[in-house]
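In our numbering, the protein residues as written are 101 to 958. Glycine included, C-beta positions come from ideal geometry on N, C-alpha and C. Here's the structure we're looking at; comments come further down.
This is how it looks when you write it as structure tokens:
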């Protein structure tokens, strides 16, 4: 009997396992088991200075010397530490280790090896010495798949883990992306800073998939900006059914004109003519392969963000009504086909499809593969009762996703689309030709039309057969403009290079826009304006620096994928990935150094430089230490130094200057000196020559210990022309209220009562916190105002009567809950209805108040 500790990737997966096996603990075929779970990756690589020999820490912490790149991967020990926000998960797993014989890694079976890396890094961190089982189940992890996987685990130990191809592939990909991403991010950041661009004080983020996308958007928009519309004119024939017959243009043909009058002269050489049909052939087209998350992104790009689509699909997968999201498959096994087939009619009914259309119950070869990791995206056997049920739980986005995924699956059970392809030419001018497809039997297109996933949706007009005759006319066209970089355009280009799964593409595009909780600290590289992607200042900087690098090209991913597949087959070749990373970084470093000199000339960088907060620097030799430095021209207190002041500072002298602070002139003294601070980026202390400022003695504030919090604070010693006495200051620091006579700007005296509070004001983009005296708010007159506790937990008030209508108790409850409601009001011309939505942040002349958003309804 074995005692198994089953390690799942996340809580929802653990709950499914518990459901299948009979609880979070229990017996499985004679073996005792306990289930624990992670929350995605629990570990990350330690700070760079901690994964190399201490003797090398200074070198690996140095961003400025570009000769340090590329690094030697063998210098890194690749040790990891727990992500601070996920310590509770690792602690729970550790607490449950005792008494178990086997850890069963039951994380997702990703083709990339990500699930293997996630599980094994936990095993390694816990220093587990006993046996490890890896079980692989399909993406929808149903009970049958899970139990089947537990019957045939891959048994291993810590010592022989490097013989597992999928795991080594995952580690190799992770290390390639770490080396290229981190090193090239540092190179780009340093090159940008040398040119005066600070990127808001943060490092630039370079990466294989994200830099390709950012560069693609930038190049495409530059091509659009450079596009010059050039009209052309030529003769074409059109029949009475709207079919056009034209010649095949080759560069240099003389029958295409730049001026309309020349085409009109040419028109005189042509006359109405007969349409000759050359061939009529019946053709058939099979249904398209199943959609993935990227396809859903194309279909719904105007309705939902990438984050909405991926997050909603994930929730639906967690509830088992759709299959695994992060799949690379576009087909399924015969077992999956047969398993889902009995539910097809029920699925069809839910999404409003006539089950009679599902007449092709035999599997086509294009939809069936012998084996797969997860299978294509599809509905599952857990069929909802209706689309309304789906919408009530997952919103309209969930409804639309389920409908499209279901119809994509159902289309493969329908008959082929049948059409007649007709080719024709003009009798006396046979070089005028046309080919049309006339629908005969729509079949699967009545269920799912693949043109919905492209931007050029089919029009509702049905193609008609050729008429007997056609007339010549002058046709005006233009040279084709570059395509807009929409979501569909980006995804199609990613498909061309086979970059990432559908889910990975969508998640990366969300990250580039800084959309989603996990991306809240990311500086966006892209933004969307009316459905078209554009670069931000950061994106422009990266696109310019990365132009023509390997990481901005899809080719490097294709090369990497080939190597990773080779490593999967033969794990002993794992060091191959280091060689590719080294060559990539060497090449890209040289290209970025060349591109850096062009930053200030780049159209987009110049246009968006305000986003980047360019740092103006000066350079010279600091005499006291005899080293070359390049400090900022502007000192952090806002003073812009003159050339004379800079020379004095380089000589080691102090400079004095006046600066405005809160409407008063202050004299500051500044000088250059060696300073040491801890860098968040490298986790180590860094010493550099930078500005130090000596501030004048502060006579405008009182400093002291604020007793309620036990912290040192300072506050302005005056309020309303009243200077606080020593006794008043003591009371304020004790957190007590005081009363005194103040004077307003008009010279009138008034009595105030209040105490110290922490406050804030906005200085440009920044919020500055400070302590100061604040008058107690006036009590709310409850005869006039209704006081509520809103859904955010804060207290607000609003008038009891609005538009002549007195709020009812039920209406007040809905307002407090933040819910919309329809309210009837009495007006001069009778009763009218309005939709009322609470807004606690409504503003009038810069002041916030609790108000309502209103719109008329019928």
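* For residue 566, name the three-state secondary structure that DSSP assigns. => The DSSP-derived three-state label of residue 566 is coil.
* residue 138 versus residue 226 - alpha carbon distance -> About 13 Å.
* Would you give the residue range spanned by the beta strand (DSSP E) that residue 720 belongs to? => Per DSSP, residue 720 belongs to the beta strand (DSSP E) from 720-722.
* To do: Name the residue from 807, 802, 887, 825 whose alpha carbon lies nearest to the alpha carbon of residue 814.
  => Nearest to residue 814 by C-alpha distance, out of 807, 802, 887, 825, is 802.
* Taking Cβ positions, are residue 508 and residue 474 nearer each other than 9 Å? -> Going by C-beta atoms, residue 508 is not nearer than 9 Å to residue 474.
* Going straight from the alpha carbon of residue 426 to that of residue 199, what length do you get? -> Spanning the alpha carbons of residue 426 and residue 199 requires a straight line of approximately 35 Å.
* Asked: Under the three-state reduction of DSSP, which class applies to residue 796: helix, strand or coil?
  -> Coil.
* **Selection from 643, 661, 752 that minimises the alpha carbon distance to residue 698** => When each option's Cα is compared against that of residue 698, the closest is 643.
* Asked: Across which residues does DSSP place residue 869 in a beta bridge pair?
  -> BP columns for residue 869 point to 860.
* Asked: Measuring CA to CA, which of 431, 469, 828, 913 is closest to residue 392?
  -> Of 431, 469, 828, 913, the residue nearest in Cα terms is 431.
* Would you call residue 751 buried or exposed, if buried means 16 or more other Cβ atoms sit within 10 Å of its Cβ? -> Classification for residue 751: exposed.
* As assigned by DSSP and simplified to three states, the class of residue 520 -> The three-state secondary structure of residue 520, taken from DSSP, is strand.
* **Nearest residue (CA-CA) to residue 847, options 736, 820, 824** => Comparing Cα positions, the closest option is 820.
* Tell me where the alpha helix (DSSP H) around residue 412 begins and ends. => Secondary structure note for residue 412: its alpha helix (DSSP H) is the uninterrupted segment 406-418.
* Give the straight-line distance between the Cα atoms of residue 892 and residue 704, rounded to the nearest whole angstrom. => One C-alpha to the other measures close to 41 Å.
* Let me know the secondary structure DSSP gives residue 178 once reduced to three states. => Of the three classes helix, strand and coil, the one that applies to residue 178 here is coil, per DSSP.
* Among 385, 575, 608, 535, which residue has its Cα nearest to the Cα of residue 517? -> Nearest C-alpha to residue 517 among 385, 575, 608, 535: 385.
* Since residue 228 sits in a beta bridge, which residues does DSSP pair it with? -> DSSP output for residue 228 lists no bridge partner at all.
* Grab me the residues of residue 459's own chain with a C-beta within less than 6 Å of its C-beta, minus the 5 sequence neighbours each way, in chain order. => Result list for residue 459: 515, in chain order.
* **Classification of residue 251 by the beta-carbon crowding that lies within 10 angstroms, buried from 16 upward** => Looking at its Cβ environment, which holds fewer than 16 other Cβ atoms inside 10 Å, residue 251 is exposed.
* To do: Tell me whether residue 213 counts as near the ligand MN, meaning its Cβ is closer than 8 Å to at least one heavy atom of that ligand.
  => The ligand MN is not part of the structure shown, which contains no ligands of any sort.
* Contacts around residue 556, its chain only, beta-carbon distance under 8 Å, and the 5 residues preceding and following it disregarded -> Residue confidence for residue 556 is low, a pLDDT of 44 falling below 50, so the modelled location carries little weight and cannot support an answer.
* Helix, strand or coil: how does DSSP classify residue 395 here? -> Three-state DSSP puts residue 395 in a helix.
* Complete runs of the alpha helix (DSSP H) confined to the segment 630-672 [at least 4 residues] -> Secondary structure in the segment 630-672: the alpha helix (DSSP H) runs of 4 residues or longer, each lying completely within the stretch, are 637-646, 654-669 in chain order.
* Asked: What number of angstroms, rounded off, separates the C-alpha of residue 913 from the C-alpha of residue 955?
  -> Taking the CA atoms as reference points, residue 913 sits about 20 Å from residue 955.
* **Alpha-carbon to alpha-carbon, residue 606 and residue 615** => Spanning the two alpha carbons is a distance of roughly 11 Å.
* If we ignore side chains and look at the alpha-carbon of each, how far apart do residue 590 and residue 632 end up? -> Those two C-alpha atoms are separated by around 10 Å.
* Taking only the alpha-carbon atoms, compute the straight-line gap between residue 451 and residue 419 and give it to the nearest angstrom. => Going by the C-alpha atoms only, they are around 19 Å apart.
* Pick helix, strand or coil for residue 676, following the three-state DSSP scheme. => Note: residue 676 maps to helix in three-state DSSP.
* Quick one: using the 10 Å Cβ neighbour count with 16 as the cut-off for buried, is residue 108 buried or exposed? => Buried is the call here.
* Asked: Between residue 382 and residue 519, is the Cβ-Cβ spacing less than 9 Å?
  -> With contacts defined as CB atoms closer than 9 Å, residue 382 and residue 519 qualify as a contacting pair.
* At which residues does the beta strand (DSSP E) containing residue 984 begin and terminate? -> Outside the shown range of the chain (101 to 958) lies residue 984, about which nothing can therefore be said.
* Say whether the segment 642-658 touches the segment 313-321, bearing in mind that this needs 3 or more beta-carbon pairs closer than 8 Å, one atom from each stretch. => Between the segment 642-658 and the segment 313-321, the count of Cβ pairs shorter than 8 Å is three or higher; the stretches touch.
* Going by CA-CA distance only, name the one from 733, 161, 143 that's closest to residue 959. => The first residue shown for the chain is 101 and the last is 958, placing residue 959 beyond what the model contains.
* Asked: What is the DSSP secondary structure of residue 403, counted as helix, strand or coil?
  -> Reduced to three states, the DSSP call for residue 403 is coil.
* **Which of helix, strand or coil DSSP assigns to residue 455** => Three-state result, residue 455: helix.
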